[in-house]
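Asks: Got a structure here, written out as structure tokens. Questions coming.
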Amino acid sequence: MYEQHFQCPVKFGARQNVLVFDKADVERRFVTHNPDLLAIVAPQLEAELTQKLAEKSLGEQVKGILKRLLAGQRPELETVAENCE
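In the numbering used here, the protein residues as written are 5 to 89.
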């Protein structure tokens, strides 16, 4: 039932719940907007992005932060500095 719904293999009994998207799926545009789903998924995505940025050089961190902040607003230097680890 789950494999038919999600159209992918589903495994039970794992140590943690994981939903993995193909890179091509992430690049596709959303047809609908689901605020409830976004509220569930967004914090985890932000946490993973923050972790990945922390592993990069300062220059790469700034680039990543700017890309994220440019989505819908004009970032200020102070905002970028607050987001750097």
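The C-beta atom is built at its ideal place from N, Cα and C for all residues, glycine as well. On a predicted model such as this, the values are computed, not experimentally measured, just so you know.
#1: According to the Cβ coordinates, are Ile69 and Val45 closer than 8 Å?
#2: Identify the continuous alpha helix (DSSP H) that holds Val45 and give its terminal residues.
#3: Gln55: buried (16+ other C-beta within 10 angstroms of its C-beta) or exposed?
#4: Beta carbon of Leu91, beta carbon of Gln48: below 8 Å?
#5: Any idea what DSSP makes of Asn87, helix, strand or coil?
#6: In this structure, how does DSSP classify Val66 when only helix, strand and coil are distinguished?
Replies: According to the structure data:
#1: no
#2: 39 to 58
#3: exposed
#4: Look at the range of the chain in this structure, 5 to 89, and you will see that residue 91 is not part of it.
#5: helix
#6: helix
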